[in-house]
Amino acid sequence: MPKLKTKSGVKKRFKLTATGKIKHGVAGKRHRLISHNSKYIRTNRGTTVLAEADTARVKAWAPYGLK
560 MPKLKTKSGV KKRFKLTATG KIKHGVAGKR HRLISHNSKY IRTNRGTTVL AEADTARVKA
620 WAPYGLK
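Sequential numbering of the sequence shown, starting at 560, is according to the working numbering.
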């Protein structure tokens, strides 16, 4: 069987935790931040864990795991 390819966007955007959950950066933090209030910017700082509903789909895009 040929090897399965990993989606290149998934390699760049997601990381796996030690327990198998998926971390991702929060959307909406690149530009137009002046229109958001301080609470929105503060709570979306750093990374968050991906929702369980989306985890199976992202793991299918990365068949051999993520580094």
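For each residue, glycine too, the CB sits at the ideal point set by N, CA and C.
For the segment 605-615 and the segment 582-589, state whether three or more C-beta atom pairs, one from each stretch, are separated by less than 8 Å.
For the pair of segments examined, the segment 605-615 was found to touch the segment 582-589: the number of CB pairs separated by less than 8 Å reaches three.
### Query
Sorted by chain position, which residues of the same chain lie with C-beta nearer than 6 Å to K594's C-beta, five sequence neighbours on each side aside?
Lys is not the amino acid found at residue 594; the sequence shown has Ser there. Cβ neighbours of S594 beyond the five flanking positions: none.
_I need the DSSP call for K566, collapsed to helix, strand or coil._
If DSSP states are grouped into helix, strand and coil, K566 belongs with coil.
According to the Cβ coordinates, are K632 and W620 closer than 9 Å? Since the displayed the chain opens at 560 and closes at 626, residue 632 lies outside it and no answer follows.
With DSSP as the reference, label T578 as helix, strand or coil.
-> Residue state, collapsed to three classes: coil.
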